[in-house]
Amino acid sequence: MVSKRGRTQSVQVKNNKAKALKTSSKKTAPPAKQYSSGESESDDNDEYFDEDDEEDLMQNAYTSNGVEDEEEDDDSDAQELIEMDESLDMFHSNLFKLEIEELLKEIKVEDKKSKQMHDILNKFKSMIDNLKDQTPVSISQAKKEFSKSTITIPYPSPEPSTDANYQLAFLKPTNITVIGGFPLGLTPYQLSQDSKPSLYVDLSIQLPSELFQAKDFVNYRYFYKKAYYLACLAKQLSNAKSDLKFDLSYEFLHQSDLSPILLIKFNVKSSVRFYIRLFPTINHDTFKLARFSPSKHNIRLYSQEEQETGPATPYYNTSLARDTLLVPHATFLHQFTSSSPDFATAVQLGKIWLQQRSIGKGGLIGKGFNGFVFSMILAHLLRPSSAGGVLSRGFSSFQLFRGTVDYLAQLDISKDPIVIGRSQDQVNFSLESFTSVFPVVILDPTGTINLVPHLSLNDWKLIQSEFKHTSNLLSDKKVDHFSNIFLTDLAKNPLSRFDHVVKLKDLTLPQERISPSEAIEFISSSFLLQTKLVPELLKQGLTDLLNPQNSTRLTDRGPSPQETELAEEFRNLWGDKAELRRFQDGAIVESVVWKADHMKERREIVPNMIKYLAKRHFKATHHSIVYWGNQLTKFIDLNQKSHRGKREHKLSTKGFQPFVDQMDGLIKVMKKLTTVPLDIVSSTGLSTAYKNTSVFYPTSSNLSELAQMPETCRFVHGHDVNFELELSSDWPDDLVAIQRLKSAFYINIASELNEMGGSYNCKVIHQHINRNLPEISVSSYLAVWTSTGYLFRCYIYHPKELELLQTGVKDSKMSRLELEQFDKALKLYKSRFVYQPFLSARIHSLCLKHTSLSTLIRIAKRWISSHYLSEYINDEIVELLCSYIFVHQGSLSDPHSATTAFYRFLHLISQFDFKSNPLIIDFDQDMSIKFRQDSEEKFNSKYIQGTHQHPGICIITKIDEEGTCYLTQPIPKPIIFRLKKLAQAGLNCLKSISDQIETKNCDKLVETIFTTSTEGYDFILELNIEHLTRYFESYNLDPELVEASVIKSDQIEPIDPHSTGFDPVAMYLTALKNTYKDQVLFFNDPYGGNKIAGLFNPHYFSHPVSLKVNLGFNFSVHESNSSQVNGNREAVLGEIVRMGEGLIKQVHNVSN
């Protein structure tokens, strides 16, 4: 059955089937020769090229692949060294060169498959030879002929009138020519989602000139006759007797009804799918070439056919002219496969690159910019410099590919169109005649058609951004980006690449925005007109709001009312949303204002603008618009059902800035204090709020407000700050004395701050007792509660401590206990004053540079915690993983939305092999290649070849060659396994979201990403919500337990500001982990979670162990062997419940 394919009537970004690059040994087929139907062939009339021609063309094919006989070099070793030196300059590393060479070997079609394709072509040629001419019929007769057939006639719209005074006919094709990349060795395999390779061969079927009359180029008559010809061809082929089994269908070039082709899929037993695409063509002299000038008027539906004046029809004319040039274009490319040895393989690299990015040929972007256009541009660059060439024919395939990429990355095509050839007829085919109607122009070798007529300037900018990114990757000498450039499949999902995805359907075209030329041109394809008008309208309306720095802007300024035409255009664009306003700078201009009282509402500005414009200009309804872009951000907003949530709703329009202002204000006040003999010279914020990475915006509530809230809303996060005092020789050389001197400073600072009229409430906190810290360690800090409701924890940094601690751990005279204390104190010091400040400064800077990074980290932390993994994947690890996406160039450029970044975050987790490789992050771009190599070697020697305990996730920075400084403990293998599985499930969910056609379905799927299952745990402890001070942070909370009702004044109890950080769940979990260590694993969501899940370690509880003193867990004697014991699950669970008495509401013993 033949059906129309390749069209859709909605403007949307599609999730095309993945075309992941798989490789196998392949070899190119020789080029084929043109032949005429019915003419005498060579002796072997089964072949579609002569034997002599085959020998010549085979030689050309092998030459083009660089396989030439050379005399053996006497000094082969010296030559090899020279080549290695050249490869280092060209490829940056020998590995990259080897990868390119291996890829080029792998993408060639094998001789066996090439011969199989040749056999199919020969049999198919015999079928063409046996086609029968058909007598001419009228339009009505043709309609009747196919009315009962499964084959349809692919007429363009509007379909021909049944009373037309011309007839349709079918005659055997005049010529059949193998065109496209296959005969020239330019075609690699194409892969579908099931990874089975496909091989396509393009055939030009030349329609006899006798079928056409002189005026058939007007009013679609040529296209009607071509459509009927294809239908007859399909019908005869489907009825032909042959041992070839195949399916037939139509495809449409550039999704245009004017350009149908016949796709033939052969059903043969093979590991490869074989296809032939039949392109109907006509001889160049069938019509006068001048008729196809982009300035000519050839659709005369509303005037006399003889009237040649009217709106130009450049797209129509190009579609017709293209049918005369397919064979000349193939001939043009053939000269380069013969003269440039590596031209063919360079084109193959380009096709793989395009395929992996879903550019052209039904891809997400770039209508019409395909492998053929890439090969034409490459050929153009290989021409003499006088003709625009910039590449040498002696270049290798990689040099040719890179040269083309660099050229296109830098090209300003709107000012400098690509002119491969110029027509001698400059009256009809001047460059200006093309640039005046097409936004992007790439003139073909004849200078008579634009190779990319349907490519918009927006599409070109997207394609060029990919070229620029690849050019940057190729310039990076530190990292091997081969996989990112050629192997990574970027075509799987639009959510990985685009910040906003909008699907529109059932649109009504706005007649006022359609020019007379467009009204005629696109009458045959409203879809093409929609894809042209919708982006133009959105670009006009959104201006620079897609820039993340401007995406939450409330006001868009328009023109002054004195600019009459522009002001009228602005009002027509925005309708009743437009209003004349006076601004603070005195300007009176047209404007659009969007109301937003909360950051959540600010994030809705862009989608609301898109929806408004679509409804106003395209009569879109609520059900015909599906938007995806910011749905994940709802998980980092406090639930407004709680009092804290309502307060955050009011304050969050300013984001993290109020907190930063408060911290800066405190530091300024402390610098002016007089009770401390040394001045504060610097300060560093360490908290997630300072880094802009806390899951929720830091809200402020004074003590009286907190006192009126239920216990479930009283938790306040503390914010750590380091500050350094000026250097002094009076500091003692004893570590204990240094800690006590710090405490004295804290006491003096607290005393002076407490006297500032209630602005601050300070207290010195000593930790060495309740945290079992040695006195030589950082064991105290100054807690400062501000009147605005922020709690800061201030630590004094003194560099001399590090020197004393490092000396102590190397002192052989110390006892084991003392060495342990020094080691513990050194780790704590480095964490507090070395590692944390390093990370904090860089994350803070990155978040200011990339606004979406902040939101990504917050969403990622929420996702990690929602699946009970934050006990093992701490905040620092999440921040490092997220920053890697922005610091290191991968296959894609930096994401500009948190949703896109989150997709890549999940992809990184699911695909990166943490077991075999460290993740190296070069924040400052100053990490040497030697440092990278040494770090990788240490990783391999310790964890791959050695016996050290694997950290689970090893992240190397320039201050941590070991890659473990941000881990509080090694991450167990089951946690990594679960993390990867969850990430893959999240990816699958996001992929399915891009296919949804209703917004409500998207919202439901999003919920599943952040919903965890309690299956697989041994027990679940359900907690008493009334005692959870962080319950207000829960996404799914009970409003009755966080209600905003005010407690009566006579019932209010005063609150100690330094107890606002009390978190009973965290303290309970700490006690459990200290008690059971690795014997029981505990899982919890710290952000308001009301459950604790547990897993018994099978090493202790499923397998018997030898009985010995101080086993450290409750056990029972093994039934058959009294010298062995098993962990007693029931007894241990009972101990756990007793430790949480009052906090635990119910126990679910899942393992039973």
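Take the sequence shown: its position 494, counting from 1, is numbered 476 in my numbering, and each next residue is one higher.
Beta carbons are placed, not taken as given, at the ideal position from N, Cα and C, and that holds for glycine.
Other residues of its chain near residue i: CB distance less than 6 angstroms, five sequence neighbours each side excluded
i       : result
Pro118  : Gln149, Ala151
His932  : Tyr925
Trp556  : Val574
Gly1122 : Tyr1050
Ala312  : Ile161
Span separating the alpha-carbon of residue i from that of residue j
i       : j       : result
Phe128  : Ile135  : 8 angstroms
Lys333  : Tyr1017 : 47 angstroms
Asn76   : Asn454  : 19 angstroms
Glu551  : Lys559  : 13 angstroms
Gln951  : Lys940  : 21 angstroms
Pro12   : Ser231  : Bear in mind that a pLDDT of 34 at Pro12, under 50, signals an unreliable position, so the number given afterwards is only what the model happens to contain. Cα to Cα, the separation comes out at about 27 angstroms.
Lys227  : Val250  : 7 angstroms
Trp767  : Pro1036 : 15 angstroms
Ser662  : Lys653  : The amino acid at residue 662 is misidentified as Ser; the sequence shows Ile. Those two C-alpha atoms are separated by around 6 angstroms.
Glu944  : Leu685  : 45 angstroms
Ile400  : Leu413  : 10 angstroms
Leu307  : His266  : 7 angstroms
Leu80   : Ser191  : 52 angstroms
Ala807  : Tyr948  : 16 angstroms
Thr996  : Ile1002 : 8 angstroms
Phe1083 : Ile1126 : 23 angstroms
Gly1116 : Asn1131 : 11 angstroms
Contacts around residue i, its chain only, beta-carbon distance under 7 angstroms, and the 5 residues preceding and following it disregarded
i      : result
Leu336 : Gly342, Asn352, Gly353, Phe356
Ala294 : Pro276, Ser277, Lys278, His279, Val419, Ser499
Leu614 : Ile841, Ala880, Thr881, Phe884, Val988
Ser241 : Phe234, Leu235, Ser301
Thr428 : Leu307, Pro310, Gly403, Ser405
Assigned secondary structure, residue i (DSSP; H/G/I helix, E/B strand, else coil)
i       : result
Leu185  : strand
Glu33   : Note that Glu33 scores a pLDDT of 35, beneath 50, so its modelled location is shaky and nothing firm can be said.
Ile89   : coil
Asp702  : strand
Trp767  : strand
Ser220  : helix
Phe468  : helix
Gln98   : helix
Met1121 : helix
Glu65   : With a pLDDT of only 49 at Glu65, under 50, the local geometry of the prediction cannot be trusted, and the value read off the model is given with reservation. Three-state DSSP puts Glu65 in a helix.
Ala1139 : No statement about residue 1139 is possible, as the shown extent of the chain runs from -17 to 1134 and does not include it.
Asp526  : coil
Leu477  : helix
Arg886  : helix
Lys349  : coil
Thr1011 : coil
Proximal residues to residue i (C-beta, below 8 angstroms), its chain only, five neighbours per side dropped
i      : result
Asn299 : Arg273, Phe274, Ser275, Pro276, Lys278, Asn280
Leu524 : Val588, Met591, Ile592
Ala578 : Thr534, Leu536, Arg584, Glu586, Ile587, Thr635
Min CB distance residue i to chain C below 9 angstroms
i      : result
Leu308 : In the structure shown, chain C cannot be found, because there is only a single protein chain.
Q | Cβ contact (3+ pairs, closer than 8 angstroms) linking the segment 482 to 494 and the segment 357 to 369 | A | The segment 482 to 494, when compared against the segment 357 to 369, does not touch it at the 8 angstroms Cβ threshold.
Q: May I ask you to verify whether the segment 516 to 536 touches the segment 467 to 475, counting CB pairs closer than 8 angstroms and requiring at least 3?
A: Short answer: they don't touch.
Q: Taking 8 angstroms as the threshold, find out whether the segment 701 to 712 comes into contact with the segment 863 to 882 through three or more Cβ pairs.
A: No: fewer than three Cβ pairs fall under 8 angstroms.
Q.
For the segment 690 to 703 against the segment 1006 to 1017, do three or more pairs of beta-carbon atoms, one drawn from each stretch, fall closer than 8 angstroms, so that the two count as touching?
A. In short, these stretches touch, since the Cβ pair count reaches three.
Q | Segments of 4+ residues assigned as alpha helix (DSSP H) that fall wholly inside the segment 268 to 323 | A | The segment 268 to 323 is shown to contain whole alpha helix (DSSP H) runs of 4 or more residues at 296 to 304, 308 to 321, in chain order.
Q. Which whole runs of the alpha helix (DSSP H) in the segment 918 to 1001 are 4 residues long or more, in chain order?
A. Runs found: 955 to 975, 981 to 991.
(Q) So, does the segment 963 to 978 touch the segment 891 to 903, judging by three or more C-beta pairs under 8 angstroms? (A) With a cut-off of 8 angstroms, the segment 891 to 903 and the segment 963 to 978 count as touching, because enough Cβ pairs lie within range.
Q: Mind listing, in chain order, the continuous alpha helix (DSSP H) runs of no fewer than 4 residues lying wholly within the segment 109 to 150?
A: Complete alpha helix (DSSP H) runs here, min 4: 121 to 127.
Q) Are three or more beta carbon pairs between the segment 858 to 871 and the segment 826 to 838 nearer than 8 angstroms? A) Between the segment 858 to 871 and the segment 826 to 838 there are three or more inter-stretch CB-CB distances shorter than 8 angstroms, so the stretches are counted as touching.
Q.
If contact is defined by three or more beta carbon pairs under 8 angstroms, each pair taking one atom from either stretch, is the segment 370 to 385 in contact with the segment 307 to 325?
A. As far as the Cβ criterion goes, the segment 307 to 325 touches the segment 370 to 385, which means the pair count is three or higher.
Q: Decide if the segment 724 to 737 is in contact with the segment 671 to 691; the criterion is three or more beta carbon pairs, one per stretch, under 8 angstroms apart.
A: When C-beta atoms of the segment 724 to 737 are compared with those of the segment 671 to 691, fewer than three pairs fall below 8 angstroms, so the two segments do not count as touching.
**Q.** Given 8 angstroms, three or more beta-carbon pairs between the segment 1064 to 1082 and the segment 848 to 865
**A.** With the cut-off at 8 angstroms, the segment 1064 to 1082 and the segment 848 to 865 touch.
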